[in-house]
Structure formats: C-alpha cells, structure tokens
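See structure below.
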Ligand SMILES: [Zn+2]
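Structure follows, in structure tokens:
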C-alpha cells in the first residue's frame, strides 16, 4: 500500500493538536515516530460503492474528504502498522472520527498559521540580508523584529547550523520544519557529505548512508547506529537539527521570560545545573547524585578546581571537567513545552581530552524566576527513541 507523504507542517499541526499523543494507545509520540493515519483507510476511495455505503453508515456527508483533517489522526508507526489499513469496527471508527472532529479546529488553525508564515517569510529574508550587508545593526534588527516576530511565531536560531546548500541562522518560523527535515545536512569536522550507519541482523552487518534529518531519524528507528567514531561525532549535527525541528514544531512566544529579559545566557556558568557536566563512568554518576543532593553548584566545582572554564562567548561555553571537555551553545529561545515560560534549547558536545571519543546531544533549560538557576526540562522528547 502506497504511503501518502504529508507536508511536515501538516504532520506538525496534527501532532500538536492532539497534544503529541497516539490516538490508538494514548502514549506520547516522538516526531520521528509519528505516522499520520487515515481513520477510514484511503484505499477505500478506489471502491466507490463501498465508500458511499460507509459514508452513509457513518452518517457522513458525501463530500467527506478522506485526506482531510477530519479523517487524519496521529499514531505511532507500530500502532498504525497493527491496523494495516483495515476498516475499523463501526463503533471504534466513530469514536476516533469524533476525536478528530474535536481537534479539527485546533489542527486547522495551526496548519493555517504555517501557511500564512510561508507567505510572510520574505520579510525575514530581507532583514537577514540587510543585517549581513551591514545596513542595519543587530540591535536595530532585534527591536524591529521583536514586535513582528511575536505576532508571527518566529524565533531566532542562535547557532549556525550547516546544510549542504547553505547555513541556517537567524529567524525561522514554525513552518520551516517542512524545509529542514528533508534538507541534506553537511557534517562539519571531516568533510564527509554523509553519515554511515550500521546495524547487525543475525550477526550480519548492514550499512546505510544518510544525508537528511528524516533519513537519519528513520535509520535510528530501524535500529542503526552511527558506524565509526567520526560518524558518532558528525551525528551531533543530525541530532541538533532534529531537536530544532521538534522544538520549532512546538515553539510558542513565551508569556513569562526569565532568560532573555534578564540577559541570562548559557555563558552564565554560575546559573547552570551540575547535571550538564559530562559523565562516563558509574562512579562519576554516583558522585553526580551526591552533588545534586548536597546542592553543589558548578561555581563550587570551579572553586575546587574540578571544573575549569576554558572559554565563553555570549551564547556558548567551553569547560573541562575531570578528563572531559564540554561545549555548550544556545540554539533557540522560545516556550517549548507550552507552560508559558521561556525555555532555552542548547546543543551539548562532550569529548575525552585524550582519545578520540566525542558525541553530541541536545537539552532544554529553563528558569522559573529572576533569582533562580537554570534547570533541565525533562518533559520534551528531543531524541529519536528506538521502539
Ligand atoms: Zn501508539
């Protein structure tokens, strides 16, 4: 059965409208594991008599759009596979159709916002060019944009993300998830134009090459891991773009702001939680638990010379801890979990000071008050989880 590929903005709208939960098992779905499912299977269109009969039975109008929001719901891939395109028993079908109907207005509104964005997006391109050509300053841009961006759900990507055709930095909107998911990513360090991943099945190794975020996420779901130490390092970029897409799909303009308004940044190491520090061994993780229960801060560890700050810029920080390096940088600021409070999406890259190991991840930090430290937000799934 041919799978219909929906635009990412439509997928994001349906996913958001249903609070990111699977219609069939009600558990949370990660963006990579999201399937948009037809409640009434789309193949029934090819059997017009059956279709008309079914519409009549369900008391739906004859112009019911089988590919429309009233028939589309989010589900896990494996939950959707179990359904295998079959026509559900009537009571179950009606139950799911009524849920889709309840969520319709919300999904429609989100989808329209994405489309609206597409038309208005030229504005941000013009400003970006003006900034690059030095015709306006960053401060002027900020004040110009803040009012506009707030009304448009636009956010500034603070770190340059490398793609094959260009780099991404500056203003992006929720609609950009469409473009980002299928855009080839250029890993940085070793000049590779692809990532090699491998899995072993019945002790036979299978390899696959990925270039886009979608290919990478699907490979991870299929049980592939980055192959060499180089690939593991390069994978940090794929993780970063994936996390940005997931974050953007949910990003909202915050109502309360204890980061930007307070000029707090990732470089304020005295505000950072100790659990950002890199850990490799079980012994270190037990020590970390002690730090947390004793309220030990990064500043304390600096005083004890356990942590050494190597460099910092307004939106990044490099430090050494034990025998590891850690680089943190800001990617996006927005309300990412719909609690009204501004969050900070950051990239984290750790490596052994001697040796070849290096790996990246992404995290979300937030601040709940002007006299509060940063805390790690755990209710946003930024990783691709293997089923
Ligand atoms: Zn499910």
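Residue numbers (my numbering): 75 to 461. The C-beta atom is built at its ideal place from N, Cα and C for all residues, glycine as well. The structure presented is a predicted model; accordingly, all values stated were derived computationally and were not measured.
Could you pull out every residue in the same chain whose Cβ sits closer than 7 Å to the Cβ of residue 366, ignoring the five residues on either side in sequence?
Here residue 366 is taken as the residue at index 292 of the chain shown, counted from 1. These residues qualify, in order along the chain: 348, 349.
Using 8 Å as the cut-off, can you tell me whether the stretch 307-321 makes contact with the stretch 433-442, which would need three or more C-beta pairs spanning the two stretches below that distance?
yes
Could you have a look at residue 95 and say whether DSSP puts it in helix, strand or coil?
Within the chain shown, the letter at position 21 stands for residue 95. Of the three classes helix, strand and coil, the one that applies to residue 95 here is strand, per DSSP.
Which of helix, strand or coil does DSSP assign to residue 103?
On the chain shown, residue 103 is found 29 positions in, with the first residue counted as 1. Correct three-state label for residue 103: coil.
Helix, strand or coil: how does DSSP classify residue 342 here?
Translated into positions along the chain shown, residue 342 becomes position 268. Residue 342: coil per DSSP, three-state reduction.
Spatially closest choice to residue 183 from 360, 113, 88, by CA coordinates:
As a working mapping, residue 183 is identified with position 109 in the chain shown. Closest option to residue 183, Cα to Cα, is 88.
Among the candidates 160, 161, 148, 372, whose CA atom is the shortest distance from the CA of residue 178?
Along the chain shown, one-based indexing puts residue 178 at 104. Ranking 160, 161, 148, 372 by CA distance to the CA of residue 178 puts 148 first.
Measuring CA to CA, which of 125, 113, 372 is closest to residue 165?
One-based indexing of the chain shown puts residue 165 at position 91. When each option's Cα is compared against that of residue 165, the closest is 113.
Under 8 Å between C-beta atoms of residue 91 and residue 180:
As a working note, residue 91 is residue 17 in the chain shown. As a working note, residue 180 is residue 106 in the chain shown. Yes, Cβ-Cβ distance for residue 91 and residue 180 is below 8 Å.
Can you have a look at residue 427 and say buried or exposed, based on whether 16 or more other CB atoms are within 10 angstroms of its CB?
Locating residue 427 in the chain shown gives position 353, counting from the first residue. Looking at its Cβ environment, which holds fewer than 16 other Cβ atoms inside 10 Å, residue 427 is exposed.
For residue 124, collect the residues of the same chain with a Cβ closer than 8 Å to its Cβ; drop the 5 residues on either side in sequence, then sort them by chain order.
Reading the chain shown from its first residue, position 50 is the one you call residue 124. Close CB contacts of residue 124 within its chain, under the 8 Å cut and outside five residues either way in sequence, are with 118 (chain order).
Cut-off 7 Å between Cβ atoms - residues of its own chain near residue 352, not counting five sequence neighbours on either side:
Residue 352 sits at position 278 when you count from the first residue of the chain shown. Around residue 352: 395, 398, 400, 424.
What residues come near ligand 1, if near means a beta carbon less than 6 Å from any of its heavy atoms?
96, 98, 99, 101, 149, 150, 153
Do you know how far the Cα of residue 415 is from the Cα of residue 454?
What you label residue 454 is simply residue 380 of the chain shown in a count that begins at 1. What you label residue 415 is simply residue 341 of the chain shown in a count that begins at 1. For residue 454 and residue 415, the distance between alpha carbons rounds to 14 Å.
Just to check my reading of the structure: residue 420 and residue 340 have Cβ atoms closer than 8 Å, yes? What is that Cβ distance to the nearest angstrom?
The count along the chain shown starts at 1 and reaches residue 420 at position 346. The count along the chain shown starts at 1 and reaches residue 340 at position 266. Their Cβ separation, rounded to whole angstroms, is 6 Å, which keeps residue 420 and residue 340 in contact under 8 Å.
Below 8 Å, how does it come out for the stretch 138-154 and the stretch 98-115: are there three or more Cβ pairs, yes or no?
A contact exists between the stretch 138-154 and the stretch 98-115.
Inspect the CB distances between the stretch 399-413 and the stretch 360-379 and report whether three or more fall short of 8 Å.
no
Under 8 Å between the Cβ atoms of residue 446 and residue 343?
For the purposes of this step, residue 446 is identified with residue 372 of the chain shown, where counting begins at 1. For the purposes of this step, residue 343 is identified with residue 269 of the chain shown, where counting begins at 1. Not a contact, by the Cβ cut-off of 8 Å.
Around the Cβ of residue 417, are there at least 16 other Cβ atoms within 10 angstroms (buried) or fewer (exposed)?
Within the chain shown, the letter at position 343 stands for residue 417. Burial call: buried.
Whole-angstrom distance between residue 378 and residue 67, CA atom to CA atom:
For residue 67 there is no data in the structure shown, the boundaries of the chain being 75 and 461.
Can you round the beta-carbon distance between residue 441 and residue 338 to whole angstroms, since I take them to be within the 8 Å contact cut?
As a first step, residue 441 is located in the chain shown; it is residue number 367 there, counting from the start. As a first step, residue 338 is located in the chain shown; it is residue number 264 there, counting from the start. Confirmed, about 6 Å.
Confirm, please, whether the CB-CB distance from residue 294 to residue 268 is below 8 Å.
In the chain shown, residue 268 corresponds to position 194, counting from 1. In the chain shown, residue 294 corresponds to position 220, counting from 1. It is not a contact, given that the beta carbons lie outside the stated cut-off.
Measure from the alpha carbon of residue 288 to the alpha carbon of each residue in 93, 318, 307, then state which is nearest.
Walking along the chain shown from the start, residue 288 turns up at place 214. Ranking the options by Cα distance to residue 288, first place goes to 318.
Tell me whether residue 125 counts as near ligand 2, meaning its Cβ is closer than 7 Å to at least one heavy atom of that ligand.
You won't find ligand 2 in this model; what it holds is ligand 1.
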